[in-house]
Structure formats: structure tokens, C-alpha cells
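Sequential numbering of the sequence shown, starting at 1, is according to full-length UniProt numbering.
Have a look at the structure below before the remarks.
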Amino acid sequence: MACSLKCGSYFSGFNETIWSSNSKASTYKKFPPLSSDVLGKPLVFPDQKKCSRNCSSKTGNRFSVQAETACVSRSMRWWEKNLKPNMVKIHSAEELVRSLQNSGDRLVIIDFYSPGCGGCKALHPKICQLAEQNPNAIFLEVNYEELKNMCHCLNIHVLPFFRFYRGAEGRLCSFSCTNATIKKFKDALAKHGSNRCSLGPVKGLDESELMKLVSAGELSSSCLQLPSLKEETMEDLVIMRSMELSGLLHNADSNRTKLEKDGALL
Numbered sequence: 001m002a003c004s005l006k007c008g009s010y011f012s013g014f015n016e017t018i019w020s021s022n023s024k025a026s027t028y029k030k031f032p033p034l035s036s037d038v039l040g041k042p043l044v045f046p047d048q049k050k051c052s053r054n055c056s057s058k059t060g061n062r063f064s065v066q067a068e069t070a071c072v073s074r075s076m077r078w079w080e081k082n083l084k085p086n087m088v089k090i091h092s093a094e095e096l097v098r099s100l101q102n103s104g105d106r107l108v109i110i111d112f113y114s115p116g117c118g119g120c121k122a123l124h125p126k127i128c129q130l131a132e133q134n135p136n137a138i139f140l141e142v143n144y145e146e147l148k149n150m151c152h153c154l155n156i157h158v159l160p161f162f163r164f165y166r167g168a169e170g171r172l173c174s175f176s177c178t179n180a181t182i183k184k185f186k187d188a189l190a191k192h193g194s195n196r197c198s199l200g201p202v203k204g205l206d207e208s209e210l211m212k213l214v215s216a217g218e219l220s221s222s223c224l225q226l227p228s229l230k231e232e233t234m235e236d237l238v239i240m241r242s243m244e245l246s247g248l249l250h251n252a253d254s255n256r257t258k259l260e261k262d263g264a265l266l
């Protein structure tokens with residue numbers, strides 16, 4: 001839409017050119033018609049209106065080319081500028097979940113922004129600079145306007161908003177900051193940015209958030225992988241094995257006691 005509005009401004013100038021040319025044409029009407037008789041035949045000069053139309057059409061073509069060029073030069077929007085290799089654009093909830101699950105022990109920062117957010121626009125160059133200074137971190141860029149339903153499921157109500165994740169630790173922190181409070185972001189990056197290994201599977205989003213995404217139709221149930229459920233299943237299996245083992249030991253003790261009694265009777 002911004003591009004089309006910019007084009008409209010060029011055409012307003014074009015209309016002014018037409019008006020000025022028409023105004024000049026109107027002054028010509030005050031003079032007698034430019035025609036005379038030569039050898040008894042009328043000699044008619046070209047129509048001034050037709051000339052003005054031809055000139056205005058050429059002028060319009062020139063302005064349309066200028067407008068098209070201006071649109072192309074403004075085609076790269078602010079949130080697409082200066083992106084670094086470790087800044088990944090997220091297009092769906094499934095892509096967000098997969099990116100978190102495949103991040104391993106790397107620090108993951110989710111950046112929620114909106115094209116119409118002035119604070120997001122002002123902060124964007126600094127986020128790109130920090131991404132370049134921290135190449136081991138992964139920055140996931142989420143456009144609120146494109147994934148509004150997903151953001152509602154994740155309770156994102158303030159922009160710009162950031163979430164920090166790492167491996168088995170899951171979400172480390174979440175906060176909103178602006179260009180004036182960028183120190184909050186830098187402090188979180190300094191605290192959680194150091195490389196370290198975490199034991200266990202990657203947690204990613206909370207289970208409640210995953211279930212909300214499934215209920216809202218943003219995430220397929222086949223993509224739903226809940227590590228905690230796997231841990232609970234493993235714990236249940238260990239408990240069952242322990243119960244079976246304790247039962248076997250109890251039976252063995254009972255049999256041994258019975259044998260001892262039988263031996264005493266003999």
C-alpha cells in the first residue's frame with residue numbers, strides 16, 4: 001500500500017502538468033481560428049487540443065516510469081533490510097516449533113515485530129547489529145501481522161517483544177524493550193549468550209502453548225512432540241519395572257522362608 005500511495009503522489013504532479021497545459025490551451029481560444037484560404041482551399045492548422053493531448057500522454061508516460069522506478073527503489077521494507085545469516089524469518093507455527101526443536105544447545109531469540117510498529121522499526125538496526133556480533137545465536141523473526149493468530153496463542157500483546165530459549169532449559173526469559181531500553185536486551189544476551197551444553201531434549205515452547213496452537217488449527221497434532229510426556233512415559237516404565245522387581249524379590253523371600261520352615265520340620 002505504501003508503494004501505491006507513493007505512485008499516487010507522482011500522478012498528482014502529472015495532473016498539474018495537464019492542467020497547466022490545458023490552461024494555456026484555453027488562452028488560445030481567445031484568438032481567431034488559425035485557418036486561411038490558399039488557392040480557394042481551406043488550410044487548417046493542427047488542432048491545439050489534440051496536440052495538448054499528445055503532449056500530456058507523453059508526459060504521463062514519463063511520470064509513470066518515474067513512479068515505477070520509485071516503487072522498485074522502495075520495495076525493500078525496513079524489516080527486510082540488513083538481515084544477517086543467523087536471522088531467520090518464520091512463516092508458520094510449525095516452522096517456529098521445528099526451529100526451536102532443531103536448535104540444539106544454541107541460544108534462540110524470538111523477535112516479535114509489526115511493520116506498523118514505530119518502536120520495532122527504530123530497534124531493528126540494533127537487533128541486526130547484535131545478531132552480527134553473536135553469530136552463534138539464532139534470531140527467529142516473527143511478523144505479528146502475518147501470524148496474528150499464532151501470536152495470540154503465545155500471549156504476545158506488546159511489541160516489540162523478545163523470548164530467549166536454550167536447549168533443555170527451555171524459555172530463559174521474555175520481555176519487551178525499545179530503542180531507549182536496549183540495555184535490557186544486551187544484559188539478557190550477556191547473561192545467556194555464553195556457550196554451554198544442556199543435558200536432555202530441547203524443550204522449546206511450553207506444552208500449554210503447543211496445545212493452544214493445535215486447538216487453534218495453527219499446528220498439526222502430528223508435529224506435536226512433547227518431551228515431558230516422553231519423560232513421564234519413561235518414569236512410568238521405570239516404576240512398573242521397579243514394582244515387578246520388588247514383587248519378584250518378595251516372592252523369592254517367601255519361598256526361602258517356606259523352605260527354611262520345611263527344613264526345620266525335617
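A virtual CB, placed ideally from N, CA and C, is assigned to each residue, including glycine.
- Taking C-beta atoms under 8 Å as the contact rule, Thr178 and Leu107 fail to qualify, at a distance of about 22 Å.
- In this structure Arg163 is buried. Its beta-carbon is surrounded by 16 or more other beta-carbon atoms within 10 angstroms.
- For the beta strand (DSSP E) assignment, the uninterrupted runs of no fewer than 3 residues enclosed by the stretch 112–153 are, from N- to C-terminal side, 138–143.
- Inter-segment contact for the stretch 139–149 and the stretch 110–118 is present: three or more beta-carbon pairs are separated by less than 8 Å.
- Per DSSP, the unbroken alpha helix (DSSP H) holding Leu210 starts and ends at Glu207 to Ser215.
- Within the DSSP secondary-structure output, Val88 pairs in a beta bridge with Leu140.
- In terms of Cα proximity to Leu100, the closest of Glu218, His192 and Arg166 is Arg166.
- For the pair His152 and Ala216, the CB atoms are nearer than the 9 Å cut-off.
- Distance from the CA of Leu159 to the CA of Leu83, rounded to the nearest whole angstrom, comes to 19 Å.
- About 15 Å separates the beta carbon of Val88 from that of Gly204, a gap too long to meet the 8 Å contact definition.
- DSSP, read as helix, strand or coil, puts Ile156 in coil.
- Inclusion of Met150 and Glu218 in the CB contact set at 9 Å is warranted, their separation being smaller than that value.
- For Val108, the beta-bridge partners assigned by DSSP are Ile138 and Tyr165.
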